[in-house]
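Notes to accompany the following structure.
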Amino acid sequence: MPSPSRFCSSVLFQTERLNFLLDCGEGTSSSLLRNKIDPELIDSIFISHSHVDHLGGLFLLVQMMHLLQRRIPLDIYLPEEAVSGVKDFLNTCYLFPEKIVPKLNLHPVRPNFTFQDGEIKIKAYPNRHLLGNREIIDELKFPNKMQSFCFLLDIFNKKILYSGDIESSDDLTDIIQDTDLLITECFHPKLKRLIPLLIRKRVKSAILTHIPPELEEKEEEIIENAQKLGFKKLWVAYDGLSIDI
Ligand SMILES: [Zn+2]
28 MPSPSRFCSS VLFQTERLNF LLDCGEGTSS SLLRNKIDPE LIDSIFISHS HVDHLGGLFL
88 LVQMMHLLQR RIPLDIYLPE EAVSGVKDFL NTCYLFPEKI VPKLNLHPVR PNFTFQDGEI
148 KIKAYPNRHL LGNREIIDEL KFPNKMQSFC FLLDIFNKKI LYSGDIESSD DLTDIIQDTD
208 LLITECFHPK LKRLIPLLIR KRVKSAILTH IPPELEEKEE EIIENAQKLG FKKLWVAYDG
268 LSIDI
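Just so we're aligned, residue 28 is where the sequence shown starts under our numbering, counting upward by one.
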């Protein structure tokens, strides 16, 4: 659901050498401009799943890069099931990949997908976020494969987990042990189960994204409640929140 106070999901990671986005929901282009991030800097985009609040900003971002005459190719990693649809929609938007700059490299993400570039490693873990669609997909014989991924980042020996969207906190149980930072949505998992899980799994810090309407404006309460339980380092994301890791 769109929010009057926050854009949709997108997280920018910057190292000395690489800059990449995790998800690219509506508002990503405006958010980059507001935060004075040169779109030229972005090397790659990783899409967790094809819901529009995680993918819908990609097309305007590509258009902006084209209008800025970006010459550097852009690598886009996205669920395998979305590759041909994204190509078709680029054509629908008159962003013909054969004609525009930058050159777009679309890479399929499948279970066991791993990306490595020097000291940065990104691994995809399938989650159950889209499985509730099975009945209608089977009934109408749609090609959708319900691909949705969490991304585990190993950057300079720091372990960072980006949840994407999940079905519940159970999707995180096996992959968050000892993470330095967990960036997780809090729309589907319930906080009263999530926070104790973070403590049990010795997660060192966490950022909550994808804030449901009933938790809007309750940031302080959420953080206080987590601290009472013993989880000390929690942020509730807002547009432009920037942290050093
Ligand atoms: Zn979703």
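Where is the CB? At the ideal position from N, CA and C, for every residue including glycine.
- The three-state secondary structure of glutamate 194, taken from DSSP, is coil.
- A straight-line Cα-Cα distance of about 15 Å links proline 135 and aspartate 115.
- Under the three-state reduction of DSSP, asparagine 252 is assigned to helix.
- When DSSP states are grouped into helix, strand and coil, lysine 186 belongs to the strand group.
- Setting aside the 5 residues that flank it on each side, serine 56 is surrounded in the same chain by Leu87, Leu88, Met91, each with a C-beta closer than 6 Å to its C-beta; the list follows chain order.
- When beta bridges are read from the DSSP output, leucine 85 appears opposite no residue.
- As computed with DSSP, phenylalanine 140 is found in no beta bridge at all.
- Every residue whose beta carbon comes nearer than 5 Å to a heavy atom of ligand 1 appears here in chain order: His78, Asp192.
- The C-alpha of glycine 145 is placed about 10 Å away from the C-alpha of leucine 45.
- Valine 113 is classed as buried because its beta carbon has at least 16 other beta carbons within 10 Å across all chains shown.
- Contact between the stretch 68 to 75 and the stretch 95 to 113 is present: 3 or more CB-CB pairs across the two stretches fall below 8 Å.
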